[in-house]
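> Starting off with a structure, shown below.
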Amino acid sequence: MQDTFFYRAGHRVMAFIDYMGNLTLFFLEACRSLSHPPWFIREVIAQMYHLGVKSFPLVAVASFAVGLVLAMQGIQVLKLFGAANYIATSVCFTFVRGLGPLLAGIMLASRGGSGIGAELGSMRVTNQIDALTVSAVNPMKYLVVTRILACMLILPLLTVGANIIGILGGMLIGVFQLGMTPTYYYTLTIKYLTLRDVLPGVGKTAVFGMIVGAVGAFHGFNTEHGTFGVGQATKTAVVAAILLILISDVFLTKITLLLWP
Amino acid sequence: MSSSPKSLSSSGPKFGEETPGWVPASAPAQPLICYRGVNKSFGSKVVLQDIDLDVYAGETLVILGRSGSGKTVMTSMLVGLNQPDSGSITVGGQEIREFQSDSDWRDLRLQTGYLFQGSALYDSMRVGENVAFPMVQHTHWSQEEIARRVHEKLAQVGLAETEAMEPSELSGGMLRRAALARSLALDPQIIIYDEPTAGLDPITGDEIGNLISRLQKTLQVTSIVVTHDLRLTALVADRLTLLYQGRMVFLGTYEEFLRSSHPEVRRFLHEPPEEKPE
């Protein structure tokens with residue numbers, strides 16, 4: 000019975016539902032603790048620096064590389080239709096509406112999410128979280144809420160940076176491969192761009208940030224089995240955050256397209 | 000503005016008031032901490048059974064026992080890290096089983112210093128910042144006042160020169176002392192030491208024991224020391240209790256412990272738990 004496909008599939012589905020339920024309860028507990036002071040604003044700012052500012056070089060390199068590749072591949076396709084110059088608009092829209100937010104979210108999950116999972120996990124197994132509790136400092140507020148807020152606030156900024164650098168990558172290809180002037184490339188880039196293209200993309204990264212912070216903190220906070228558990232928590236935090244970002248992106252994209260077609 | 004954490008109000012000896020010093024169990028005095036019929040299990044594993052214990056203000060009580068005998072669970076209940084399944088625990092006259100939220104626990108936690116077995120210093124902070132942390136979170140003291148007190152607390156444990164050091168730069172004994180300085184940050188009235196000498200060589204263990212005795216004399220706090228170390232027990236205990244399989248099998252002074260004919264006491268004395276030093 001336990002070897003059947005349906006049994007195993009059902010077991011996996013139940014485990015996923017259980018996981019999502021626990022994650023949701025954890026997040027709601029974090030939200031509930033926000034209802035009264037202290038709010039540890041300084042810690043939020045410190046975490047924005049650690050998680051966001053220090054992630055920027057990674058986001059920048061990734062966005063630039065993807066911008067280069069996107070332009071090189073895009074030119075090949077657009078040439079078929081005699082519209083190679085529209086590579087500027089193509090790269091811009093691809094980044095601003097979808098790729099930039101996703102890339103920044105995944106990079107933050109890789110660096111920030113793993114960092115949160117590892118830090119909180121090692122704090123759990125070395126009793127540092129208990130030490131906070133007995134010091135009458137709510138660890139949910141001090142460690143979890145601050146990190147979720149930091150991710151939610153910093154990811155939109157990282158996304159704006161990713162968009163700009165990705166577009167610059169595309170510009171490099173446009174200039175050197177197609178012989179366009181930077182001014183002409185820039186003109187084509189912003190010609191059709193409106194705030195309705197930019198804001199939904201940047202806005203949904205607040206949700207991605209929430210996912211990165213909550214998932215990383217959830218796995219770190221609930222770490223068991225010593226240092227082995229810390230490794231497991233870190234790995235699972237990254238994988239789960241990236242998957243949830245990708246899944247939520249489907250729904251968020253659909254919603255934003257319905258609201259701002 | 001200068002303010003310190005407020006004291007709990009209760010019947011019997013109260014936090015923040017003059018305490019009468021150690022009172023023998025036979026004396027008609029109100030104990031500061033009372034366990035009554037406390038039971039605790041984790042799943043099917045029974046950890047504590049029917050614990051009745053009084054801890055008097057100003058005394059040092061040692062909870063002795065082998066690994067897994069329930070010592071740490073017993074003390075962690077005093078700060079809300081574990082909850083008893085049944086029975087009653089009162090601290091300063093307040094029934095802690097009635098505490099529901101963090102705000103209910105706040106005053107008791109501020110009056111209790113807890114030294115964890117692994118020190119539990121915050122890795123992300125320097126030693127001085129670790130000691131300052133409770134002051135920053137719970138007082139309105141100025142930065143200068145906090146710096147002065149941090150220096151004072153570290154000097155009290157013999158680590159005056161370590162303020163700027165990272166916890167990873169300290170030895171095992173220094174880590175315990177730094178963690179103790181953090182526990183003392185808000186001048187607690189109860190200090191709980193969880194295996195303060197575990198993993199330390201005998202000489203460093205004796206240093207920690209002497210430090211606990213010295214602090215006890217100078218600060219007049221109520222101390223509970225969880226350990227399996229007989230050397231430490233001999234050094235610091237006013238009274239001790241032996242836990243065996245979750246039950247208290249002995250309560251008395253160290254001299255009475257040595258004379259006891261209880262089979263578990265005899266076994267503990269003649270086959271003390273061994274531990275490799277760091």
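Here the protein sequences line up with chains A and B, keeping their order.
Numbering of the first sequence is given in numbering that gives the first Met the number 0, commencing with residue 0 and proceeding in unit increments.
Numbering of the second sequence is given in numbering that gives the first Met the number 0, commencing with residue 0 and proceeding in unit increments.
Every residue gets a Cβ at the ideal spot worked out from N, C-alpha and C, and that includes glycine.
Values in this document were obtained by computation on a predicted structure and should not be read as measured data.
Please go through the segment 176-238 of chain B and give each complete beta strand (DSSP E) segment of 3 or more residues, from N-terminal end onward.
189-193 and 221-226
> Considering only DSSP beta bridges, list what residue 118 (chain B) is partnered with.
Beta-bridge pairing links residue 118 (chain B) to B:115.
> Using a Cβ cut-off of 8 Å, pull out every chain B residue sitting near residue 127 (chain A), in sequence order please.
119, 120, 121 and 122
> Determine the chain B residues that contact residue 136 (chain A) at a beta-carbon separation under 7 Å, and present them in chain order.
136
> Determine the direct distance from the alpha carbon of residue 165 (chain A) to that of residue 71 (chain A), and round the result to whole angstroms.
13 Å
> List, in order along the chain, the chain A residues whose C-beta lies closer than 8 Å to that of residue 104 (chain B)?
135
> Let me know the secondary structure DSSP gives residue 249 (chain B) once reduced to three states.
strand
> Contact between the segment 162-180 of chain B and the segment 97-104 of chain B is defined here as three or more beta-carbon pairs at a separation below 8 Å; is this criterion met?
no
> With C-beta atoms as the reference, is residue 77 (chain B) less than 9 Å away from residue 130 (chain A)?
no
> Inspect the CB distances between the segment 205-225 of chain B and the segment 190-197 of chain B and report whether three or more fall short of 8 Å.
When Cβ pairs closer than 8 Å are counted between the two stretches, the segment 205-225 of chain B is seen to touch the segment 190-197 of chain B, the count reaching three or more.
> Excluding five sequence neighbours on each side, which residues of the same chain lie with their C-beta closer than 8 Å to the C-beta of residue 85 (chain A)?
77 and 187
> By the 7 Å beta-carbon criterion, what residues does the segment 131-161 of chain A contribute toward chain B?
132, 133, 134, 135, 136 and 137
> Between the alpha carbons of residue 22 (chain B) and residue 86 (chain B), how many angstroms are there, rounded?
Here the model assigns residue 22 (chain B) a pLDDT of 44, short of 50, so the residue's position is not dependable and the matter cannot be decided.
> Counting only beta-carbon separations shorter than 9 Å, does residue 75 (chain B) have a partner in chain A?
It does; some Cβ of chain A falls within 9 Å.
> Look at the alpha carbon of residue 248 (chain B) and the alpha carbon of residue 14 (chain A), and state the distance between them as a whole number of angstroms.
In this structure, the alpha-carbon of residue 248 (chain B) lies about 44 Å from that of residue 14 (chain A).
> Going along the chain, which residues of its own chain have a beta-carbon closer than 8 Å to the beta-carbon of residue 235 (chain B), five neighbours each way excluded?
These residues qualify, in order along the chain: 59, 61, 208, 211, 212, 215, 222 and 224.
> Who does residue 38 (chain B) pair with in a DSSP beta bridge?
B:85
> Helix, strand or coil: which one does DSSP assign to residue 51 (chain B)?
strand
> Could you confirm whether any beta carbon from chain A is found closer than 9 Å to the beta carbon of residue 312 (chain B)?
Within the shown structure, residues of chain B are numbered from 0 to 277, placing residue 312 (chain B) beyond reach of any answer.
> Looking at residue 141 (chain B) and the ligand HEM, is the gap between the Cβ and the nearest heavy atom below 8 Å?
For the ligand HEM, the structure offers nothing, since it holds no ligand at all.
> Go to residue 62 (chain B), then tell me how far its beta strand (DSSP E) extends in each direction, as first and last residue.
59-64
> Taking only beta-carbon positions, decide if residue 28 (chain A) is within less than 9 Å of chain B.
no
> Any C-beta of chain B sitting closer than 9 Å to the C-beta of residue 121 (chain A)?
yes
> Would a C-beta distance cut-off of 9 Å place residue 250 (chain B) and residue 268 (chain B) closer than the cut-off?
Going by C-beta atoms, residue 250 (chain B) is not nearer than 9 Å to residue 268 (chain B).
> Counting only beta-carbon atoms, is residue 37 (chain A) nearer than 9 Å to chain B?
yes
> Identify, in the order they occur along the chain, each residue of the same chain with its Cβ nearer than 8 Å to the Cβ of residue 156 (chain A), setting aside the five sequence neighbours on each side.
The answer, listed in chain order, is 51.
> State the CB to CB distance for the pair residue 232 (chain B) and residue 63 (chain B), rounded to an integer number of angstroms; the pair is presumed to be in contact (CB under 8 Å).
6 Å
> Residue 79 (chain B): which of B:92, B:106, B:54 and B:256 sits nearest, CA to CA?
The candidate whose alpha carbon is nearest that of residue 79 (chain B) is B:106.
> Can you list, in chain order, the residues of its chain with a C-beta nearer than 6 Å to that of residue 107 (chain A)? Leave out the 5 residues immediately preceding and following it.
Listed in chain order, the non-local C-beta contacts of residue 107 (chain A) below 6 Å within the same chain comprise 54, 154 and 211, local neighbours out to five positions each way being set aside.
> Taking Cβ-Cβ distances shorter than 8 Å, what residues in chain A pair up with residue 108 (chain B)?
The contacting residues are 132, 133, 134 and 135.
> What residues are listed by DSSP as bridge partners for residue 243 (chain B)?
Per DSSP, the beta-bridge partners of residue 243 (chain B) are B:246.
> Which residue wins for smallest C-alpha separation from residue 169 (chain A), given the options A:9, A:74, A:250 and A:240?
A:74
> Quick one: what's residue 93 (chain B) bridged to in DSSP?
B:90
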